[in-house]
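> Dropping a structure here in structure tokens format, bear with me for questions.
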Amino acid sequence: MLLAFDTSSAAVTVALADPVSGEILASSTTVDALRHGELLAPAIAAALKTAGATPRELTRIAVGVGPGPFTGLRVGLVTARTMADALGIEVAGVCSLDVLARQSELALPVAVAADARRKEIYWALYDGPAADGSRRRLEGPAVDRPADVAHVLSGLPVIGRGAVLYGEALGVVDLDVVEYPSAEVLARGVVTGTLDVLAPEPLYLRRPDVTLSGGPKSVLPK
Numbered sequence: 001m002l003l004a005f006d007t008s009s010a011a012v013t014v015a016l017a018d019p020v021s022g023e024i025l026a027s028s029t030t031v032d033a034l035r036h037g038e039l040l041a042p043a044i045a046a047a048l049k050t051a052g053a054t055p056r057e058l059t060r061i062a063v064g065v066g067p068g069p070f071t072g073l074r075v076g077l078v079t080a081r082t083m084a085d086a087l088g089i090e091v092a093g094v095c096s097l098d099v100l101a102r103q104s105e106l107a108l109p110v111a112v113a114a115d116a117r118r119k120e121i122y123w124a125l126y127d128g129p130a131a132d133g134s135r136r137r138l139e140g141p142a143v144d145r146p147a148d149v150a151h152v153l154s155g156l157p158v159i160g161r162g163a164v165l166y167g168e169a170l171g172v173v174d175l176d177v178v179e180y181p182s183a184e185v186l187a188r189g190v191v192t193g194t195l196d197v198l199a200p201e202p203l204y205l206r207r208p209d210v211t212l213s214g215g216p217k218s219v220l221p222k
């Protein structure tokens with residue numbers, strides 16, 4: 001079985017899928033930007049229980065690699081690599097913005113804008129869907145202030161949490177958009193090969209908010 005999860009956004013999303021058909025056997029999504037570490041392991045355990053499966057029955061793990069804030073993204077990637085190492089199975093990383101683009105049902109090119117905090121967005125541009133539903137990324141991922149890239153996204157439907165938070169700056173008219181990546185879409189995309197697979201390494205795009213101290217400052221006169 002394939003276990004898929006993504007913690008790159010405020011949502012902790014988990015899914016368990018048949019590794020051949022892509023049929024979703026169990027899934028859950030909880031939106032809580034401050035509790036990724038508390039929510040992920042119980043969500044994985046619940047998905048396995050719902051499917052009547054054990055961790056030893058997993059054959060592959062798919063994980064969203066961001067871009068996303070440091071802490072939440074790290075929770076997902078460390079969990080994926082630790083489980084895969086213990087079980088001796090492969091980890092497939094997928095750009096979380098690619099997952100969001102794949103969730104769009106529009107037969108048009110789309111832009112994805114995820115919340116990057118600090119009044120910024122993670123964004124990327126995608127071509128219209130191919131016959132199999134896959135979308136080719138044309139530009140990005142990148143991180144910028146909404147007003148600075150509004151001209152790049154102009155004229156395209158924008159999906160993602162960033163479209164809700166900064167809809168006016170981005171010129172978004174329809175706010176009925178998909179906000180967070182779906183582990184169900186991530187799982188099906190990896191099984192069917194309609195999402196590009198990457199190494200399970202984080203796409204931070206910028207330095208973490210917390211940095212190491214340079215040591216105590218001297219109080220002696222120079």
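Here the UniProt record's numbering is used: the first residue of the sequence shown is 1, the next is one more, and so on.
Heads up, the beta-carbon is just placed ideally off N, CA and C, and yes, glycines get one too.
Please give me, in chain order, every unbroken run of the beta strand (DSSP E) with length at least 3 that falls completely inside the UniProt domain "Gcp-like" (34-150).
Whole beta strand (DSSP E) segments, 3+ residues: 60-64, 90-94, 110-117, 120-126 and 137-144.
> Compare the beta carbon distance of P67 and S104 with 8 Å and say whether it is the shorter of the two.
Not a contact, by the Cβ cut-off of 8 Å.
> On a Cα-Cα basis, can you pick out the residue from H151, D18 and P55 that is closest to A187?
Cα-wise, what sits closest to A187 is D18.
> Distance, Cα to Cα, Y204 vs A46?
When rounded, the distance between both Cα atoms is 29 Å.
> According to the neighbour-count rule (16 or more other Cβ atoms, all chains shown, within 10 Å of its Cβ), is D85 buried or exposed?
D85 is exposed by the Cβ-count criterion.
> Starting from the C-beta of V210, find all residues in its chain whose C-beta is less than 7 Å away, skip the five residues before and the five after it, and write them out in chain order.
Confidence in V210 is poor, its pLDDT being 43 and thus under 50, which makes the residue's placement unreliable; the coordinate value appears in the next sentence. Taken in chain order, the list of residues that qualify is empty.
> Can you tell me whether DSSP reads S213 as helix, strand or coil?
Only weak support exists for where S213 lies, its pLDDT of 47 falling under 50; the value from the coordinates is given anyway. S213: coil per DSSP, three-state reduction.
> Under the DSSP definition of a beta bridge, which residues are partnered with V20?
Beta-bridge pairing links V20 to no other residue.
> Nearest CA to the CA of E168: which residue from V178, L153 and Y180?
The shortest C-alpha separation from E168 is found at L153.
> Can you tell me whether T50 is buried or exposed, with buried defined as 16 or more other CB within 10 angstroms of its CB?
Looking at its Cβ environment, which holds fewer than 16 other Cβ atoms inside 10 Å, T50 is exposed.
> Is L3 helix, strand or coil by DSSP?
Strand at L3.
> Please name the residue or residues paired with V14 in a DSSP beta bridge.
Per DSSP, F5 and S28.
> With DSSP as the reference, identify every bridge partner of L198, one or two as the case may be.
According to DSSP, which records beta bridges pairwise, L198 is partnered with G93.
> Return yes when the Cβ of V177 is within less than 8 Å of the Cβ of A163, no when it is not.
The answer is yes: Cβ separation under 8 Å.
> For V172, name the three-state secondary structure that DSSP assigns.
V172: coil per DSSP, three-state reduction.
> Assign H151 to one of two classes, buried (16 or more other C-beta atoms within 10 Å of its C-beta) or exposed (fewer than that).
Its Cβ having fewer than 16 others within 10 Å, H151 is exposed.
> With distance defined between alpha-carbon atoms, name the residue in L138, V143, E23 and T29 nearest to Y180.
Nearest option by C-alpha distance: T29.
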